[in-house]
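**Student:**
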Amino acid sequence: MSDAYQPDGMDPSVPKLEVRDVTVRFAGLVALDAVGFTVEPGSVHAVIGPNGAGKSTCFNVLSGVYRATSGSVRFGDAELTALPPHRIAALGMARTFQNIALSPRLSVRDNLMLGRHRLTRAGFVSAGLRLPSARREAARHTERVEEIAAFVGLTPQLAMPVGLLPYGVQKRVELARALCMEPRLLMLDEPVAGMNGGERREMAELIIAVRESLGISILLVEHDMGMVMRLADAVTVLDFGRRIADGPPEAVQNDPEVIRAYLGATSETEEATP
Amino acid sequence: MSRSTILWSAALAAAALVIPFYLDASWLQDGLFAMAAAIGAIGLNLLTGATGQLSMGHAFFLAVGAFGYVYFASEPQEGGAHALGGLGLPTPLAAVLAVLLAGVAGGLFSPIAARLKGAYLGIATLALIFIGQFAMTNATPVTGGHNGRPVPPMELFGFVFADTPEAPLVIAGVPFGALERLWFLGAILLLGAGLFARGVLRGRPGRAMNTIRDHEIAAGVMGVPVSRYRAGVFVLSSMYGGLAGVLVALVFQQTVPDYFGLLLALAYLAMIIIGGLGSVAGAVIGAVFVSMLPRLLTRYSDALPLIVQPGQEGVGAAEAAQILYGLAVVVVVLFLPGGLLGLITQLRLRTGRPLPAAAPKHSLTPTPETRN
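Protein sequence lines, in the order shown, are assigned to chains L and W.
For the first sequence, my numbering gives the first residue as 297, with consecutive numbering after it.
For the second sequence, my numbering gives the first residue as 4, with consecutive numbering after it.
#1: If you draw a straight line from the C-alpha of L/Gly-305 to the C-alpha of L/Arg-412, how long is it?
#2: Between W/Leu-239 and chain L, is the shortest Cβ-Cβ distance under 8 angstroms, so that the two count as touching?
#3: Thinking C-alpha only, which one of W/Met-59, W/Gly-52, W/Ala-28 and W/Tyr-74 is nearest W/Ala-284?
#4: Would W/Trp-11 be called buried (16 or more neighbouring beta carbons within 10 Å of its own) or exposed?
#5: Using the rule of at least 16 other Cβ atoms within 10 Å of the residue's Cβ for burial, across every protein chain shown, is W/Ala-268 buried or exposed?
#6: Under 9 angstroms between beta-carbons, which chain W residues line up against L/Ala-418? List them in chain order, please.
#7: Are L/Arg-316 and L/Ser-368 close, meaning C-beta to C-beta below 8 angstroms?
#8: Which of the three DSSP states, helix, strand or coil, is assigned to L/Ile-540?
#9: Can you tell me whether L/Ser-352 is buried or exposed? The criterion is at least 16 other CB atoms within 10 Å of its CB, across all chains shown.
#10: Assign L/Val-421 to one of three DSSP states: helix, strand, or coil.
#11: What's the C-alpha gap between W/Leu-327 and W/Val-291?
#12: What does a CB cutoff of less than 7 angstroms around L/Met-450 pick up in its chain, not counting 5 residues either side in sequence?
#13: Report yes if the CB atom of L/His-382 is closer than 8 angstroms to the CB atom of W/Val-227, and no otherwise.
#14: Whose CA, out of W/Ser-29, W/Ser-7, W/Pro-23 and W/Leu-49, lies closest to the CA of W/Tyr-271?
#15: In chain order, what residues of the same chain have a beta carbon less than 6 angstroms from the beta carbon of W/Ala-40, not counting five sequence neighbours either side?
#16: Quick one: which chain L residues come within Cβ less than 7 angstroms of W/Pro-228?
#17: So the beta strand (DSSP E) L/Glu-314 belongs to, where does it begin and stop?
#18: At a CB-CB cut-off below 8 angstroms, which residues of chain L make contact with W/Phe-199?
#19: Only counting the same chain, and skipping five residues up and downstream in sequence, which positions put a Cβ closer than 8 angstroms to that of W/Ala-130?
#20: Closer than 7 angstroms by beta-carbon distance: list the chain W residues that pair up with L/Met-499, in chain order.
#21: Say the cut is 7 angstroms; is the CB of L/Leu-379 nearer than that to a heavy atom of the ligand HEM?
#22: Verify whether the separation of the beta carbon atoms of W/Ile-225 and L/Ala-385 is less than 8 angstroms.
#23: For the region 506-533 of chain L, list every residue whose C-beta sits within 8 angstroms of some C-beta in chain W, in sequence order.
#24: For L/Ile-514, name the three-state secondary structure that DSSP assigns.
#25: Straight-line CA distance for L/Asn-492 to W/Ala-321?
#26: Just reading off the beta strand (DSSP E) that L/Gly-367 is part of, what are its end residues?
#27: Do you know whose CA, among W/Ala-247, W/Arg-216 and W/Phe-179, lies nearest W/Glu-169's CA?
#28: Quick check on the DSSP output: the alpha helix (DSSP H) that includes L/Arg-391 runs from which residue to which?
#29: For L/Ala-530, which of L/Arg-391, L/Arg-363, L/Gly-372 and L/Gly-338 has the nearest alpha-carbon?
#30: Over what stretch of residues does the alpha helix (DSSP H) that includes W/Gly-345 continue unbroken?
#31: Which term fits W/Ser-7, buried or exposed, when burial requires 16 or more other beta carbons within 10 angstroms of its beta carbon?
#32: Considering only the beta carbon of each residue, do L/Leu-454 and L/Glu-442 sit closer than 8 angstroms?
#33: Just the C-alpha distance for W/Leu-253 and W/Val-318, rounded to the nearest angstrom, thanks.
#34: Comparing the C-beta of W/His-218 with each C-beta of chain L, is any distance below 8 angstroms?
#35: Given that L/Phe-586 touches chain W, what residues does it touch there, using C-beta distances under 7 angstroms?
#36: Give the range of the alpha helix (DSSP H) segment to which W/Ile-126 is assigned.
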């Protein structure tokens, strides 16, 4: 398996992500009930649904933070459900967090350098003794981090502690940190939550730019329907832990089940066929 | 490195060089204890400050280092019930082995250290103190029991770090006894320990450690093997404790189990909290503050109100120091979250420069050569 990407989405090194019959139970509460979908290589796939539908749980299963009770998640040849988070990261899956999960006292540069963790090797001894190999490695990866920061528009803030930056900028640092992992699949958990109109537009443009220049798959959890319809190639709709619709945005938008879930009609949790 | 950093380093180096020529033995001894404390505090700050793993058992690893050194370096002594074991190894080798032994002790505990986080680890490490106290007072052939045992002086390439009345060493009219000689050894060890820790903190491991502290889940998702890092930092911190223990033993010239108790462990926590969590400079500042405070209060007790001379009724210098550093911890926690170091940084930021202007947007292209 190669780590190298081409700028177009046709590259075979970006594998398919297949989620099949994933069920997650928390002591009696079924957070996800036999959910399945496939993220095609190089596509933008959105997972939407009302609050508590299981979107974040789904992300946490994919990134190894939660264990699935049953079901399978395959990324290329790898089965993810049995792997710890750092092994999943090593496969080239990167994610951002809905609630910002950065180190507030570290500079933007250091936060982004953490994204290079899986691509670098320096350990306690080589970093402590400042061995030439560790210094060369740090210099090389700092260069790439600065490139990514420029792309995301964070160059002026590189030296600033993350905790001092406005919320919208911190969200961009989250995205940049995930990009620093040189991911093959980028998972964005509500990238525009809590942002104002201008910031939303900028973030949407950024996501489009990522997709166009890197050609990687993007899995998106989002509440902002306008943004989902504009960005996504495919949409999966969850409601109460179940998949109630799956398909291209136009089809999903007009699905009666989806309209019912979003508008809160008096439907009980009946089985929906996609 | 900025110019002020270079100036500061030069001033500190000059001070370290000149001090043994001017200060008397008791000041040097306190200075040496401060150096040993600084090495230990740097280690604890790697674990507690930078990684967010509370340890109340740091004194245990100092004890392992101190008694390890004594055991490895001493010649075995016959004497019936008071027989003392020892390996009689060359002292530099004994010191290295003692540090490694502390690392091994930390390694034995690391399966626990890897699985517990924050305050829970603090409770678990508390057990080490009590196990250590029990072992030290009962393993008489190794530790000398309750009264401890004498420490063989360090000997490097034929140079003895001890008083040598038969062949006195006099430099620039100043007789160089054990403390003057140890001063330079301590300064070099502290410099090495500090630089190593700074390299770790500013490099790849440091970023991983900080993220484990700030957001454990994010660290894992970013590819950091969280448990392995927690275990690794615990071992490293134990080795720093071991080195501090060796130095304490050399300065004390007698190791006593009672010294390595819970109070010492808490003093180390006080040092890193007062000085500043998560940095080398913070650990050093805190160690100097906590170690030198009793000494300064004793020295100037006649000039200070409410503090009595030794031997009189009332609050003595040692008690006043305890009260003051307890107070210092409270004040720092309430008003100075960055510790004394944070205070210094804030004062320096007040006179900072404006940030550079924004740069235009670029497009991102994959670069395969930075990918592995």
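Just so you know, even glycine gets a beta-carbon here, dropped at the ideal spot from N, CA and C.
Just so it is clear, the structure is predicted and the values come from calculations on it, not from any experiment.
**Tutor:** In short:
#1: Walking along the first sequence from the start, residue 305 of chain L turns up at place 9. Walking along the first sequence from the start, residue 412 of chain L turns up at place 116. With a pLDDT of only 35 at L/Gly-305, under the threshold of 50, the placement of this residue in the model should not be trusted; the figure read from the coordinates follows. Answer to the nearest angstrom: the Cα atoms are 23 angstroms apart.
#2: Here residue 239 of chain W is taken as the residue at index 236 of the second sequence, counted from 1. By this cut-off, W/Leu-239 is an interface position.
#3: Locating residue 284 of chain W in the second sequence gives position 281, counting from the first residue. If we check each option's Cα against that of W/Ala-284, W/Gly-52 comes out closest.
#4: Taking the second sequence and counting its residues from 1, one reaches residue 11 of chain W at position 8. Counting of Cβ neighbours within 10 angstroms places W/Trp-11 among the exposed residues, the total staying below 16.
#5: Within the second sequence, the letter at position 265 stands for residue 268 of chain W. Flag for W/Ala-268 reads buried.
#6: Your numbering for residue 418 of chain L matches position 122 in the first sequence. The contacting residues are Gly-206, Arg-207 and Pro-208.
#7: In the first sequence, counting from the first residue as 1, residue 316 of chain L sits at position 20. In the first sequence, counting from the first residue as 1, residue 368 of chain L sits at position 72. The Cβ atoms of L/Arg-316 and L/Ser-368 sit closer than 8 angstroms to each other.
#8: What you label residue 540 of chain L is simply residue 244 of the first sequence in a count that begins at 1. Here L/Ile-540 sits in strand by DSSP.
#9: Position 56 of the first sequence, counted from the start, is the residue given in the question as residue 352 of chain L. By the neighbour-count definition (other C-beta atoms within 10 Å, threshold 16), L/Ser-352 is a buried residue.
#10: Residue 421 of chain L sits at position 125 when you count from the first residue of the first sequence. In this structure, L/Val-421 counts as helix in the three-state DSSP scheme.
#11: On the second sequence, position 324 is the one that residue 327 of chain W refers to. On the second sequence, position 288 is the one that residue 291 of chain W refers to. Going by C-alpha positions, W/Leu-327 is about 14 angstroms away from W/Val-291.
#12: Sequence index remark: in the first sequence, residue 450 of chain L carries index 154 (1-based). Here residue 450 of chain L is Leu; the residue named in the question, Met, does not match the sequence. Once the five neighbours on either side are set aside, the close Cβ partners of L/Leu-450 are Val-404, Arg-468, Val-469 and Ala-472.
#13: As a first step, residue 382 of chain L is located in the first sequence; it is residue number 86 there, counting from the start. As a first step, residue 227 of chain W is located in the second sequence; it is residue number 224 there, counting from the start. Contact flag set, yes.
#14: Residue mapping note: residue 271 of chain W aligns to position 268 of the second sequence, counting from 1. Taking only the C-alpha atoms, the option nearest W/Tyr-271 is W/Leu-49.
#15: On the second sequence, residue 40 of chain W is found 37 positions in, with the first residue counted as 1. Hits under 6 angstroms: Ala-290 and Ser-294.
#16: Residue mapping note: residue 228 of chain W aligns to position 225 of the second sequence, counting from 1. Correct list: His-382.
#17: Looking up residue 314 of chain L in the first sequence gives position 18. That run of the beta strand (DSSP E) goes 313-322.
#18: Taking the first residue of the second sequence as 1, we reach residue 199 of chain W at position 196. What W/Phe-199 touches in chain L: Gly-424 and Leu-425.
#19: Taking the first residue of the second sequence as position 1, residue 130 of chain W is located at position 127. Listed in chain order, the non-local C-beta contacts of W/Ala-130 below 8 angstroms within the same chain comprise Gly-60, local neighbours out to five positions each way being set aside.
#20: Within the first sequence, the letter at position 203 stands for residue 499 of chain L. Under the 7 angstroms cutoff, chain W gives no residues; its nearest Cβ is about 13 angstroms from L/Met-499.
#21: Judged by which ligands are present, the structure shown has none, so any question about the ligand HEM falls away.
#22: In the second sequence, the residue the question calls residue 225 of chain W occupies position 222. In the first sequence, the residue the question calls residue 385 of chain L occupies position 89. First, the amino acid is wrong: residue 225 of chain W is Met here, not Ile. Yes, the Cβ-Cβ distance between W/Met-225 and L/Ala-385 is below 8 angstroms.
#23: Within the region 506-533 of chain L, those residues whose Cβ lies closer than 8 angstroms to any Cβ of chain W are, in chain order, Val-506, Ser-509 and Leu-510.
#24: Here the question's residue 514 of chain L lines up with position 218 in the first sequence. L/Ile-514 falls in the strand class under three-state DSSP.
#25: Walking along the first sequence from the start, residue 492 of chain L turns up at place 196. Walking along the second sequence from the start, residue 321 of chain W turns up at place 318. For L/Asn-492 and W/Ala-321, the distance between alpha carbons rounds to 59 angstroms.
#26: Sequence index remark: in the first sequence, residue 367 of chain L carries index 71 (1-based). L/Gly-367 -> beta strand (DSSP E) spans 366-371.
#27: On the second sequence, residue 169 of chain W is found 166 positions in, with the first residue counted as 1. Cα-wise, what sits closest to W/Glu-169 is W/Phe-179.
#28: By one-based count along the first sequence, residue 391 of chain L stands at place 95. Annotation for L/Arg-391: no alpha helix (DSSP H) segment contains it, though the beta strand (DSSP E) segment containing it runs 389-391.
#29: Against the first sequence, residue 530 of chain L aligns to sequence position 234. Put simply, of L/Arg-391, L/Arg-363, L/Gly-372 and L/Gly-338 the residue whose alpha carbon is nearest the alpha carbon of L/Ala-530 is L/Gly-338.
#30: On the second sequence, position 342 is the one that residue 345 of chain W refers to. First-last of the alpha helix (DSSP H) with W/Gly-345: 342-352.
#31: Residue mapping note: residue 7 of chain W aligns to position 4 of the second sequence, counting from 1. W/Ser-7 sits exposed, since fewer than 16 C-beta atoms from the chains shown fall within 10 Å of its C-beta.
#32: Taking the first sequence and counting its residues from 1, the one referred to as residue 454 of chain L is at position 158. Taking the first sequence and counting its residues from 1, the one referred to as residue 442 of chain L is at position 146. In this structure, L/Glu-442 lies closer than 8 angstroms to L/Leu-454 by Cβ.
#33: Within the second sequence, residue 253 of chain W is the residue found at index 250, counting from 1. Within the second sequence, residue 318 of chain W is the residue found at index 315, counting from 1. Their Cα atoms are separated by approximately 31 angstroms.
#34: By 1-based counting over the second sequence, the position of residue 218 of chain W is 215. Contact with chain L is found for W/His-218, since one of that chain's Cβ atoms lies less than 8 angstroms from the residue's Cβ.
#35: Within the shown structure, residues of chain L are numbered from 297 to 570, placing residue 586 of chain L beyond reach of any answer.
#36: Numbered from its first residue, the second sequence carries residue 126 of chain W at position 123. Residues 121-141.
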